[in-house]
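Written out below as C-alpha cells is the structure these notes cover.
Number of protein chains: 2
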Amino acid sequence: MTDLPQGSTIGILGGGQLGRMLSVAASRLGYRCHIYEPGAAPAGDVAYKVTTAPYEDEASLRAFAASVDVITYEFENVPTSALDLLESLKPIRPNRRALAISQDRISEKSFLNDLGLQTAPWAAVNSEADLKAAADSLGLPAILKTTRLGYDGKGQVKLDDAAAIPAAWAAMNGAACILEGFVAFDREVSVIAARSLDGSVACFDPGENVHRDGILRTTTVPAHLTPAQRSDAILLAARILNALDYVGVMGVELFVTPRGLLVNEIAPRVHNSGHWTQAGCTVDQFEQHIRAVAGLPLGDGNRYADVVMENLIGDDVLRVPELLKARDTAVHLYGKGAPRPGRKMGHVNRITRG
Amino acid sequence: MTDLPQGSTIGILGGGQLGRMLSVAASRLGYRCHIYEPGAAPAGDVAYKVTTAPYEDEASLRAFAASVDVITYEFENVPTSALDLLESLKPIRPNRRALAISQDRISEKSFLNDLGLQTAPWAAVNSEADLKAAADSLGLPAILKTTRLGYDGKGQVKLDDAAAIPAAWAAMNGAACILEGFVAFDREVSVIAARSLDGSVACFDPGENVHRDGILRTTTVPAHLTPAQRSDAILLAARILNALDYVGVMGVELFVTPRGLLVNEIAPRVHNSGHWTQAGCTVDQFEQHIRAVAGLPLGDGNRYADVVMENLIGDDVLRVPELLKARDTAVHLYGKGAPRPGRKMGHVNRITRG
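Pasting the structure below:
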C-alpha cells in the first residue's frame, strides 16, 4: 500500500457541499484539493484550486489530471467520456465499476441480487406496455424511476393505480426506467462503510433516516436496530465493498423489513446520512474517505455520542440565528447564497447524549 | 449587534496553521476567508483567496481591505503602519488596543498590574546598567526578554548568575528588554476566552500546559485545579477581555503558584493551547473566534471529553503513520512541507475519556 505523501493534491470531481467537506478533511491530513466543477462550487472556498469547466472540455480535464495525484468524486453522475479520459491519466478511487453500477439502477439491483442481497422487487421498463406488465407482476403501489440521474426525489413518480400508468410513462419522456415494487418497511437505515487500499473495511454505526418529499431530513444515531440487525447491516455493507474491490466511503441505504434487510440504494461516495459522524466520531466520514483514497489506514470511527443530524433545506436556514445559540449543536453551512426550495443549505448536528 | 451575512469574506492577517484552522471554521459558518501573508501560507490551501505581499505594500493592503468585510489576525506582530492603514478601511477585530498591549511585554505587564492582576515581578531594561540593577532588585535566576517580537522561546535568555549579565545583554543587540523575576509555579494553565461583539464572554475549561525548550508540547484537560482556582482563572480572563472591550478569542497563560494565579502572557488570537477544543467541544476555539469577529453569538464551548493535545514538532511528524492508526486520536497536519527542528508541523488530539 503506497500512501500519498503530505503536500500531495487530491482531485475532486464535483464542487458541492460534499466536496467542500472533503477538502477540509484533506487539509487536516496535510493534503491539498483541486476541485473540478462545471457550475458554482461552494467547495472552492476551501480548496487549493478550482477548475470551472464542463466535463466535455478535454483540455481542462487533462490539465486537471496533470495537477493532481489521485482523483475522487463527490457525485456519481460524471459523464463516462470524462472518466475514460481521466482514468487513463491518474488513478480514480473509488473505481469505475462502483461508479458504473451505481449510475444505473438496473445494474445496481442486478449486482446486489447477484451478491445474494435482497432489494425491492423490480422490473426494467422501456415502454408503456412494459410498465403495464411490470405493474401487473409487482402490484401497485410501486415507484417508477429513471434508471439514471435521479436523486433527491427527482426523476421518479409513485404509481398508486393502473389508471395513472399512461401519464406516468409520458412524464418520463422515453427515458429507460425501472419499476420498483412497494416495500413495507419498518424503518430506513444507512451504513456508511469505508474500505482502504489494502482491503480493510470499517463501518460507522448505522444511522436511522427520515425522508420527506424524497429528501433526507434527519439521521439519528443510534438507529433502532436489534444487535443482530446491526451486525447484519454492517456485514452486508462490507460484502458490497469487498465485491467491488472498493476504495473509499460508500453510503448503503437499507430498508428494515419483517423479512430482513433490503438494500434500497448504494452511493459510491460520502453520504448525507453520514454527516452525523462529524459530531460523534474521532474520524468522520470525510476524513475516512480521504484516508482511503490517499492510501492511509482507516481511522477510529467508533461512535462516542448520540447524535441527530438535521438537514437545513431551503428556508430552514432562517432558523440559523436560533440554532447558533443552541446547546450541544454544531451548525454547518455550505456557503450557497440564496435559499431555494429543496436546496440543501447546511445541516446541524445535535449531540443528544455525550 | 450586526452580524456578517453568509457569503461575506473575512480577511486574516497571517497564513500559518492558525489562519488555516480559522479559515476552515469560517467555512462551516458559510464565510469565505482571504489570507494576507508575506511568506508561505499553509492557510492558502483552504482559503478563498491569498494575497502574497509584504506588510509594507500599501497597494496590496488596500486591495485586501477592499475585498473583505472584516479583518482579523492569526499573529500579533503585524507592523503598526499596516494596521493603521487597514483600520482606516475596515474594522479590525480584536481591536488595536489589544494588539498594541500584547505586542509589548512592558505594556502588557503594566496593563495587567493596573487591572489588579498579578504577574511575575519585572523591570524595564534598556542598558547593561539597567540589567544589573534589575537583577539586584528582582534576584536571580530571572529571564531577560526583548519587549517585542519574541515567541516560542525566541528572543529570551535565562540569567542564572550575575556573571552572565554582560553576555546576556550583548545577545539582545540593544533591543528594549524586560527582566522577569523567576516564578516558582506549581503548574502552567491557560484559559481560552472569547468575547462577542455584544460583550458576552465565554471561556473554555482551562488546560494544563507543558513546555519544552520554550515551545508548548502538550495541553491536557481537565487541568489540575481546585474549583476555586478554576473559577478564579476564568473570572480573571473575563476581566482582561472586558477591560479591552475585546472581540474574539484570546489565550491567557497563567502560572498557578502558592500565592495565587499570575498572568504569564496574553495572546490576542486563537492559541496553540486551545487546539484541544477541536476534539472536546461542540464549538472549538477557531469557530468561537470567527463567531465573535463576525458578530454572531458565541457557541457552546462546554467540554464533553478529557483530551490531551500534543504538538508535532520537527521530526515528531515521523510518528504520523503510527498516530493515524491509534484509537481515539485525531491527527491535524498543517501542510508545511519538510520538517525543521522546532517547527510546528501538526498536532494530535487524543480523547482520554469521553
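Protein chains in written order, with this note's numbering: chain A, 142 to 495; chain B, 142 to 495. Think of the CB as a built atom: it goes at the ideal place given N, C-alpha and C, for glycine as much as any other residue.
| Query | Result |
| --- | --- |
| Out of C318/B, A433/B, G160/B, A335/B, which one is the CA nearest neighbour of I247/B? | C318/B |
| On the criterion of 16 or more Cβ atoms from any shown chain inside 10 Å, does L459/A qualify as buried, or is it exposed? | exposed |
| If we define contact as Cβ-Cβ less than 8 Å, is Y177/A a contact residue for chain B? | no |
| Between which two residues does the alpha helix (DSSP H) holding S248/B run? | 246-255 |
| Beta carbons nearer than 7 Å to chain A: which residues of the stretch 449-471 of chain B have them? | L465, K466, R468, D469, T470, A471 |
| Which runs of the alpha helix (DSSP H) at least 4 residues long sit entirely within the stretch 278-349 of chain A? Give them in chain order. | 306-312 |
| Could you list the residues in the stretch 415-432 of chain A with a C-beta less than 9 Å from some C-beta on chain B, going in chain order? | A420, T423, V424, E428, R432 |
| State the Cα-Cα distance for the pair N443/B and A343/B, rounded to the nearest angstrom. | 9 Å |
| With a 10 Å radius around its C-beta and 16 neighbouring C-beta atoms as the bar for buried, classify I242/A as buried or exposed. | buried |
| Does I492/A get closer than 8 Å to chain B when you measure Cβ to Cβ? | yes |
| Taking Cβ positions only, does P482/B come closer than 8 Å to chain D? | Annotation note: the requested chain D is absent from the structure, which comprises protein chains A and B. |
| Who are the neighbours of S168/B on chain A, taking C-beta pairs under 8 Å? | R161, V165, D186, V187, G476 |
| Please determine, among E199/B, I407/B, A274/B, the residue with the shortest C-alpha to C-alpha distance to S229/B. | E199/B |
| Whose C-alpha, out of E463/B, Y387/B, N314/B, is nearest the C-alpha of P235/B? | Y387/B |
| When the distance is taken between beta carbons, is L240/B closer than 8 Å to L202/B? | no |
| So C297/A contacts chain B; which residues on that side make the cut at Cβ distance below 9 Å? | Note that residue 297/A is Gln in the sequence shown, not Cys. Near Q297/A there are no residues of chain B at all, since even the closest Cβ is about 31 Å away, more than 9 Å. |
| What does a CB cutoff of less than 6 Å around T418/A pick up in its chain, not counting 5 residues either side in sequence? | F345, D425, Q426 |
| So, with DSSP's three-state summary, where would you put N236/B? | coil |
| Out of curiosity, what's the CA-to-CA distance linking G455/B and K485/B? | 6 Å |
| If I measure Cβ to Cβ from V330/A and keep anything under 7 Å in the same chain, skipping five residues before and after, which residues do I get? | P347, G348, E349, N350, A364, L366, A374, L395, V397 |
| Using a Cβ-Cβ cut-off of less than 7 Å, give me the residues of the stretch 434-450 of chain A that come near chain B, in sequence order. | L437, P438, G440, D441, Y445 |
| Per DSSP, which one or two residues make a beta bridge with Y214/B? | L154/B |
| Under 8 Å between the Cβ atoms of S341/A and L256/A? | no |
| Please name the residue or residues paired with Y177/B in a DSSP beta bridge. | L154/B, T192/B |
| Assess contact between the stretch 258-269 of chain A and the stretch 213-221 of chain A, defined as three or more Cβ pairs (one per stretch) separated by less than 8 Å. Is contact present? | no |
| Tell me the DSSP secondary structure of E428/A in three-state form. | helix |
| So, helix, strand or coil for D271/A, using DSSP? | helix |
| Along the chain, where does the alpha helix (DSSP H) containing L227/B start, and where does it finish? | 221-228 |
| How should M142/B be labelled, buried or exposed, when 16 other C-beta atoms within 10 angstroms of its C-beta is the threshold for buried? | Model confidence at M142/B stands at a pLDDT of 45, short of 50, so the residue's coordinates are unreliable; what they give is reported in the following sentence. The residue in question, M142/B, is exposed, as its Cβ has fewer than 16 Cβ neighbours within 10 Å. |
| Quick check: V393/B and H430/B, are their CB atoms within less than 8 Å of each other? | no |
| Take A223/B and list the residues in its own chain whose beta-carbon comes closer than 7 Å to its own, dropping the five residues that flank it on each side. | Y196, L202 |
| Among residues of its own chain, excluding the 5 on either side of T361/B, which ones have a beta-carbon nearer than 7 Å to its beta-carbon? | G348, E349, V449 |
| Which residues does DSSP pair with R491/B in a beta bridge? | V449/B, T470/B |
| What residues from chain B crowd round Q244/A, counting only those whose CB sits closer than 9 Å? | Ordered by position in chain B, no residue passes the 9 Å Cβ test against Q244/A, which lies about 29 Å from the chain. |
| Report the rounded CA-to-CA distance for S414/B versus L159/B, giving the unit in angstroms. | 12 Å |
| Run through chain B and tell me which residues come within less than 7 Å of Q147/A, C-beta to C-beta. | L474, G476 |
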